[in-house]
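**Student:**
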Amino acid sequence: DAVEMPRDARVLLRDLRTFSRDSLDAPLSDRRLARAARLLRLSAASHGRARVDPLDCLLLQHVAWRLPEQRGAVREWLWDHLA
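Going by our numbering, the residue at position 60 of the sequence shown is 79; the numbering climbs one at a time, nothing skipped.
Structural data, given as structure tokens:
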């Protein structure tokens, strides 16, 4: 937990959860969100950073879907919200 999770990354996770629930009918559980946040911190730490960077958030496209057909929608949503 030495890696900081900035507010914009927390907001992105919250909004991704809302998008997943409302648009994909695939709610993200608290457990999955916690694991995603841990993944973002791990990515930042392995790149020698003390805080999560927007580039780390691109990893969410690999963990924030339930069905393979949803991958594209999650990826597009992330690109729209990270740019």
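Note that CB positions come from ideal geometry on N, CA and C, so glycine has one too.
(1) By how many angstroms is the C-alpha of TRP98 removed from the C-alpha of LEU35?
(2) Answer yes or no: do TRP84 and ALA55 have a C-beta to C-beta separation smaller than 8 angstroms?
(3) Put ARG70 into one of helix, strand or coil per three-state DSSP.
(4) For GLU23, which residues does DSSP report across the bridge?
(5) Measuring alpha carbon to alpha carbon, tell me which residue in ALA69, ARG70 and ARG90 is nearest LEU43.
(6) PRO25 and VAL71: beta carbons closer than 8 angstroms?
**Tutor:** On the basis of the data shown:
(1) Distance between the alpha carbons of LEU35 and TRP98 is about 12 angstroms.
(2) no
(3) strand
(4) DSSP lists ARG70 as partners of GLU23.
(5) ARG90
(6) yes
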